[in-house]
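A quick write-up on the structure given underneath.
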Amino acid sequence: TLEFTGDVTLTDPQVITDLPLPDTSYADLTIRAEVTNHADEPCRAVLRGTLDGGIGFSLPVDLAAGETRTVNCTPAECPALRIEEPRLWWPNGMGDPALYTCRLAFETDGRQSDARTVTFGIREYGDEWRDGIFRLKINGEPVYVKGGNWGMSEWLLRCRGEEYDTRVALHRHMHFNMIRNWIGSTTDEEFYDACDRHGIMVWDDFWLNSPPNLPHDLEAFQQNAVEKIKRLRNHPSIAVWCGDNEGVPQAPLDDWLRGDVAPYD
11 TLEFTGDVTL TDPQVITDLP LPDTSYADLT IRAEVTNHAD EPCRAVLRGT
61 LDGGIGFSLP VDLAAGETRT VNCTPAECPA LRIEEPRLWW PNGMGDPALY
111 TCRLAFETDG RQSDARTVTF GIREYGDEWR DGIFRLKING EPVYVKGGNW
161 GMSEWLLRCR GEEYDTRVAL HRHMHFNMIR NWIGSTTDEE FYDACDRHGI
211 MVWDDFWLNS PPNLPHDLEA FQQNAVEKIK RLRNHPSIAV WCGDNEGVPQ
261 APLDDWLRGD VAPYD
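Here you go:
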């Protein structure tokens with residue numbers, strides 16, 4: 011794709027949702043994005059956002075020439091980001107998979123320089139170990155996980171684009187609530203969009219298969235993992251990031267994923 015922008019660009023926008031569990035009467039949103047001033051002189055930009063229902067907010071940002079910075083917009087600066095009585099995203103069988111839309115735009119001198127639209131859901135995942143069993147929770151409620159193992163979209167699924175909606179809907183009609191994305195081999199955005207709409211959680215693997223097959227270059231693996239998370243992290247359907255297939259934790263990989271990769275989620 012080819013895009014035309016002004017001097018200030020907006021990349022990797024993220025909407026972080028926080029519920030004060032067990033209370034779900036309100037949710038706090040944090041809007042995070044990386045902004046860059048490509049001009050040779052400083053500028054004052056304004057981040058403007060609009061949520062469903064016309065809720066608006068704005069945050070002024072001063073940028074030096076050539077500066078790149080991560081901007082956080084929280085309810086402390088923008089009270090409109092506290093959502094009263096939010097519509098929560100629930101997995102299939104537990105409630106409606108409610109979705110919100112947030113449009114973000116950066117303005118300089120009253121003119122739009124760059125804009126992005128993010129679809130997200132208000133939900134909070136949790137987990138616990140009980141009697142040696144990993145238990146998943148959402149919005150404070152335990153989930154009985156039921157689902158299938160998917161992979162290799164073009165070969166095994168013979169699925170691309172809008173075809174995902176039909177296949178994920180069939181998964182929902184079978185009363186399943188999770189798809190395990192085997193070794194992360196299903197990469198199409200339409201897959202995640204369909205899971206968001208139909209309330210199907212995703213157990214999303216990274217691309218490693220059975221120890222001791224660590225990548226030769228952990229640095230390259232880490233950067234690739236970070237880029238995947240940045241691209242997909244706004245999808246409310248993603249419940250679990252899984253570092254390896256069919257293996258026990260390996261200290262080097264585990265340390266890299268938890269220490270260097272996890273903060274981007």
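Residue numbers (the working numbering): 11 to 275.
Cβ atoms here follow ideal geometry from the backbone N, Cα and C, with glycine treated the same way.
Treat the numbers as computed from the prediction; the structure is a model and nothing was measured.
**Request:** Count the C-beta pairs between the segment 99-119 and the segment 54-65 that are closer than 8 angstroms, then say yes if the count reaches three, no if not.
**Result:** yes
**Prompt:** Is Y110 helix, strand or coil when you go by DSSP?
**Reply:** Mapped onto the sequence shown, residue 110 falls at position 100. Strand, per DSSP.
**Request:** Spatial neighbours of D214 within its chain, please: CB distance less than 7 angstroms, with the 5 preceding and 5 following residues excluded, ordered by chain position.
**Result:** As a first step, residue 214 is located in the sequence shown; it is residue number 204 there, counting from the start. Closer than 7 angstroms at the Cβ level, and outside the excluded window around D214, lie N191, G194, I248, V250, W251, C252.
**Asked** What runs of the beta strand (DSSP E), each 3 residues or longer, lie entirely inside the segment 176-264?
**Response** 188-191, 211-215, 248-252
**Item:** Exposure label - Y174; buried when at least 16 CB within 10 Å
**Value:** Here the question's residue 174 lines up with position 164 in the sequence shown. Buried.
**Request:** Work out the CA separation of R140 and T40 for me, nearest whole Å.
**Result:** Here residue 40 refers to the residue found at position 30 of the sequence shown. Here residue 140 refers to the residue found at position 130 of the sequence shown. Taking the straight line joining both Cα atoms gives about 32 angstroms.
**Item:** First and last residue of the uninterrupted beta strand (DSSP E) at L69
**Value:** As a first step, residue 69 must be located in the sequence shown, where it is residue number 59. Per DSSP, L69 belongs to the beta strand (DSSP E) from 65-73.
**Prompt:** Taking the alpha carbon of F216 as the point to measure from, which residue in A49, N255, L29 has its own alpha carbon closest?
**Reply:** Here the question's residue 216 lines up with position 206 in the sequence shown. Looking at the Cα atoms, N255 is the closest of the given residues.
**Message:** Quick check on the DSSP output: what are the complete beta strand (DSSP E) runs of length 3 or more inside the segment 84-151, in order along the chain?
**Reply:** 92-94, 110-118, 121-130, 135-140, 143-148
**Message:** Could you check whether V71 and A49 sit closer than 8 angstroms to each other, using their CB atoms as the reference points?
**Reply:** As a working mapping, residue 49 is identified with position 39 in the sequence shown. As a working mapping, residue 71 is identified with position 61 in the sequence shown. Taking 8 angstroms as the Cβ cut-off, A49 and V71 do not qualify as a contacting pair.
**Request:** Consult DSSP for A272 and reduce its assignment to one of helix, strand or coil.
**Result:** Mapped onto the sequence shown, residue 272 falls at position 262. Residue state, collapsed to three classes: helix.
**Message:** Quick check on the DSSP output: the beta strand (DSSP E) that includes M52 runs from which residue to which?
**Reply:** Numbered from its first residue, the sequence shown carries residue 52 at position 42. Met is not the amino acid found at residue 52; the sequence shown has Pro there. No beta strand (DSSP E) holds P52; DSSP gives it neither H nor E.
**Asked** Taking buried to mean at least 16 other C-beta atoms within 10 Å of its own C-beta, is A230 buried or exposed?
**Response** Looking up residue 230 in the sequence shown gives position 220. The residue in question, A230, is exposed, as its Cβ has fewer than 16 Cβ neighbours within 10 Å.
**Request:** Would you kindly report the start and end of the unbroken beta strand (DSSP E) that includes W165?
**Result:** Locating residue 165 in the sequence shown gives position 155, counting from the first residue. Unbroken run through W165: none, as it is neither H nor E.
**Request:** Helix, strand or coil for L29, going by three-state DSSP, please let me know.
**Result:** Start at 1 with the first residue of the sequence shown, and residue 29 comes out as number 19. Looking at L29 - three-state DSSP - the assignment turns out to be coil, as it is neither helix nor strand.
**Prompt:** Exposed or buried, W24, counting other C-beta atoms within 10 Å across all chains shown (16 or more means buried)?
**Reply:** By one-based count along the sequence shown, residue 24 stands at place 14. For clarity, residue 24 is Gln in the given sequence; the question names Trp instead. Burial call: buried.
**Prompt:** Is the beta carbon of S163 sitting closer than 8 angstroms to the one on D206?
**Reply:** Walking along the sequence shown from the start, residue 163 turns up at place 153. Walking along the sequence shown from the start, residue 206 turns up at place 196. No, they are not a contact pair.
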